[in-house]
Structures are given as C-alpha cells and as structure tokens.
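J.:
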Amino acid sequence: KNAPGKENESKSHRKNPCNCKKSKCLKLYCECFAAERFCSGCNCQDCNNTPEYEAVRDEAIKATRAKNPNAFKPRFEHNKQSGGTITC
Numbered sequence: 720k721n722a723p724g725k726e727n728e729s730k731s732h733r734k735n736p737c738n739c740k741k742s743k744c745l746k747l748y749c750e751c752f753a754a755e756r757f758c759s760g761c762n763c764q765d766c767n768n769t770p771e772y773e774a775v776r777d778e779a780i781k782a783t784r785a786k787n788p789n790a791f792k793p794r795f796e797h798n799k800q801s802g803g804t805i806t807c
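Adding 719 to a residue's 1-based position in the sequence shown gives its number in my numbering.
1. Look at Ala790 and Leu745 and say whether their C-beta atoms are less than 8 Å apart.
2. Are Asn738 and Cys758 touching if we call contact CB-CB under 8 Å?
3. So Cys751 and Asn768 are supposed to be a Cβ contact under 8 Å. How far apart are they, rounded?
4. Skipping 5 residues on each side, what residues in its chain have a beta carbon closer than 6 Å to that of Ala779?
5. Looking only at its own chain, which residues have a Cβ that is under 7 Å from the Cβ of Asp765, when we skip the five neighbours before and after it?
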C-alpha cells in the first residue's frame, strides 16, 4: 500500500521537461519518449511525441524496440517485499 500522501504520485510526479531540438522527441535520449510519455510542458522544438503525431510516435517506438527489446523497460525495479530498489 502507498504511503500517506503518495496515492497519486505516479500520476502527478513529473520529471524535468525535455529540451530536444533535432530529434523530434523520438529518440531514447528524450526523457519523455524513453518513459513512454507524451511531451507536455516541455521546451522541445518540432516535437512529434504528442497525441497529434501518435502514428509517427508508434512507428518510432516499434523501430526502437526492434533494435533493442529492453529499450523501454525500467532499469531499476521496486522490491515490494523490502520496500527498496534493486537493479535488474
């Protein structure tokens, strides 16, 4: 069970906005794309990681997964028994 005050943390928790300029936010070095989130409130330019470009974005995700099947998997997993973090 979540700690008090953290019920909506996964929905409301937002990483720093990306600042992509040439990748159209469709490369893994875009933090939003790597987390499989649409860009929102970011400082990126010519962004294709939005609902309006969902077909283009889906193709980029498929191409990235074809090259690296583990591309979008978390590097760290939460250990529910101990409440700590373990590496894969």
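Backbone N, C-alpha and C define an ideal beta-carbon position, used for all residues, glycine too.
Computed from a prediction, not measured in an experiment: that's the story for all the values here.
T.: This is what the structure holds:
1. no
2. no
3. 6 Å
4. Leu745
5. Lys743
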